[in-house]
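Numbering (my numbering), first residue to last: 410 to 928. To start, the structure under review is shown below, and the notes come after it.
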């Protein structure tokens, strides 16, 4: 493609120097200088929170043969290299990636899902509905991405991948004949422009609670980032939609942020659909009522603008019923029949690392869940408590170099709702692992927890899981919180980053095997 055509997609004013643009041909956009080469555009990303500034790697990219560099500042390079100076390389990257792939978002009904918790489960449920309805949907979530039934696990710790990766999935969806796609969007991903170049038709906000204040600074800034998904419901002038769907923001009726988010939706001309359960705050348009637990599943009667029926959710917890209601609303908004939506939810028997039971025949429950915020830990503990007759033992920690304010809050939650808390590594990174656990314990102690009776320090997570399962008695439950589907634990050894391969589910199975439970 001609560079001039690529530059035409840029949303902001830019300046160029170097070769005659008409002579430059490009076929891919990269941000890692190691991927650079002839025909590539190197974009120098510079996000707050990033360890390195992409501008440091411009010389390496040029050495490897790139003829175009996109930068946020004027840099001196040989005349054989075109330098494109833009206000935001992140925004430029997203729109260039979209252009390279022919603006695939314009050809799809696009559903974006954000919120502090529940994004992944809601995304998996929505994808299941759309797939069952024959819409060959694309999917980008924390746990996996792909098209239709060809879904590949995501080994990274990031939820929202880079803009080129998102555009590649959307392009593959178009090629496969897909009609829609589901993208899980984090506050980081929205703030850093990874979903730029995508005009969404539906924006789902599950709920917004405390998280990522290490990055955003304040809850207000965090909420503002989340609201950025709703802003992206606005029509795109660069790549107008070829497939038109009714614009809707789908919001949790009981979330205190909903009124502000609904006002934001009105600014971009979007409608609002609220979801909720009977007895909760607010007046939801899609309502779950007469909700009851059955084992590790939940049933609710649903009344909605599209019809009424019985919703069978094979995952435990009222929060998963809320996720299911949001998925039904999102799917019906883009044209799925209500009955098909209910059928699609019933096909979701598990979401990797989300309230996932480890059953080896033992007389107590072991549950793996990604809960890593005070709110999600509370929801997980309440859900487990409601389904057992014995004690709740929870294993959890908090990530290093991340939001420190939530550590004592999670300790208080564990002390209040669990019988025993085993404090262990999550991803300590370069922080002192014991210092992290002590900050968590401070909150637990404030709530009356006593070390050696109610909470224990077992930093090594492998040892912690073995410790917790060994103390479990018939009727108890062991909740392993914070890692979920993730495949590594990030720490440091002798001042250097260390990554340990990890599988929470398999470690739990190993711990049970040591106790003689192998069925």
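Each residue gets a CB set at the ideal place from its N, CA and C atoms; glycine is no exception. Predicted, not measured: the structure shown is a model, and the values here were computed from it.
Let me know the secondary structure DSSP gives residue 489 once reduced to three states.
coil
Opposing strand residues paired with residue 411 [DSSP bridges]:
434
Okay, do the segment 778-791 and the segment 883-895 touch, 3+ Cβ pairs below 8 Å being the bar?
yes
Provide the residue span of the beta strand (DSSP E) that contains residue 778, from first to last.
774-778
Which of helix, strand or coil DSSP assigns to residue 481:
coil
Rounded to the nearest angstrom, what separates residue 674 and residue 769 at their Cα positions?
48 Å
Would you kindly work out how many angstroms separate the C-alpha atoms of residue 755 and residue 489, rounded to a whole number?
59 Å
With C-beta atoms as the reference, is residue 546 less than 9 Å away from residue 557?
yes
Rounded to the nearest angstrom, what separates residue 395 and residue 827 at their Cα positions?
The question about residue 395 has no answer here: the residues shown for the chain are numbered 410 through 928.
Which whole-angstrom value is the C-beta distance of residue 691 and residue 700, which I expect to be below 8 Å?
No, residue 691 and residue 700 are not in contact; Cβ-Cβ is about 16 Å, not under 8 Å.
Measuring alpha carbon to alpha carbon, tell me which of 912, 532, 736, 520 ends up nearest residue 607.
520
Within the chosen definition, does the segment 852-870 reach the segment 830-837 through at least 3 CB pairs nearer than 8 Å?
yes
Inter-residue spacing [alpha-carbon to alpha-carbon] between residue 455 and residue 478:
14 Å
Curious, which full-length alpha helix (DSSP H) runs of at least 4 residues does the segment 516-602 contain?
528-541, 572-584, 596-600
For the candidate residues 821, 774, 810, 781, whose alpha-carbon lies nearest to that of residue 802?
774
Output the distance between the C-alpha atoms of residue 486 and residue 532, rounded to the nearest integer angstrom.
44 Å
Mapping DSSP to helix, strand and coil, what is residue 865?
strand
Quick check: what's the CA-CA separation for residue 575 versus residue 611?
17 Å
Return the first residue and the last residue of the beta strand (DSSP E) that residue 710 is part of.
706-713
Find the nearest neighbour of residue 518 within the set 498, 816, 837, 650, judged by alpha-carbon distance.
650
If you drop the 5 nearest sequence neighbours on each side, which residues of the same chain put their C-beta closer than 7 Å to that of residue 664?
616, 617
Distance, residue 847 Cα to residue 867 Cα
11 Å
Under the rule that 16 or more other beta-carbon atoms within 10 Å means buried, what is residue 761, buried or exposed?
buried
Would you tell me roughly how many angstroms separate the C-alpha atoms of residue 500 and residue 462, rounded to the nearest one?
16 Å
Quick check: residue 742 and residue 722, are their CB atoms within less than 9 Å of each other?
no
Measure the C-alpha to C-alpha separation of residue 694 and residue 734 and round it to an integer number of angstroms.
10 Å
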